[in-house]
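Student:
In our numbering, the protein residues as written are 41 to 148.
1) Give the straight-line distance between the Cα atoms of residue 42 and residue 137, rounded to the nearest whole angstrom.
2) Express the C-alpha separation of residue 53 and residue 85 in angstroms, rounding to a whole number.
3) Would you identify the three-state DSSP class for residue 70, choosing helix, strand or coil?
4) My output table needs one value for residue 12: the three-state DSSP class, helix, strand or coil.
5) Check whether the region 65 to 74 touches the region 117 to 128, taking contact to mean three or more Cβ pairs, one atom from each stretch, closer than 8 Å.
6) Nearest-angstrom Cα distance between residue 78 and residue 58?
7) Between 56, 46, 67 and 55, which lies nearest to residue 129 when the distance is taken from Cα to Cα?
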């Protein structure tokens, strides 16, 4: 990746925005290592609404049941699920790669 890419705006959504805070930090570190600007934050599921602005919204496994509802609220923002494995391991590198590939697909 090159540094020409615009800043990515990412929201990690979980039930109360507490369990994702460690993953947010790990993803930020991966972005720094790749020289990619990222604005990433954890939000509780009840904080997501039609005013939400992001390049992508990632759902933690415990809130994936709400994917269709959230997609309707935030359309056309893509909504994707974090795998149980990556979430359980708090694998920031894998989730960051997933973010980049998903955002790239949306732009094509």
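Glycine included, each C-beta is placed from N, C-alpha and C at the ideal position.
Tutor: Let me spell this out:
1) Here residue 42 refers to the residue found at position 2 when the chain shown is read from its first residue. Here residue 137 refers to the residue found at position 97 when the chain shown is read from its first residue. Confidence in residue 42 is poor, its pLDDT being 45 and thus under 50, which makes the residue's placement unreliable; the coordinate value appears in the next sentence. CA-CA distance, residue 42 to residue 137, rounds to 14 Å.
2) Taking the first residue of the chain shown as 1, we reach residue 85 at position 45. Taking the first residue of the chain shown as 1, we reach residue 53 at position 13. CA-to-CA, the gap between residue 85 and residue 53 works out to about 6 Å.
3) Counted from its first residue, the chain shown places residue 70 at position 30. Under the three-state reduction of DSSP, residue 70 is assigned to helix.
4) The question about residue 12 has no answer, for the chain in this structure spans 41 to 148.
5) The region 65 to 74 is not in contact with the region 117 to 128.
6) By 1-based counting over the chain shown, the position of residue 78 is 38. By 1-based counting over the chain shown, the position of residue 58 is 18. Approximately 20 Å between the Cα atoms of the pair.
7) Indexing the chain shown from 1 puts residue 129 at position 89. For the residues 56, 46, 67 and 55, the minimum Cα distance to residue 129 belongs to 67.
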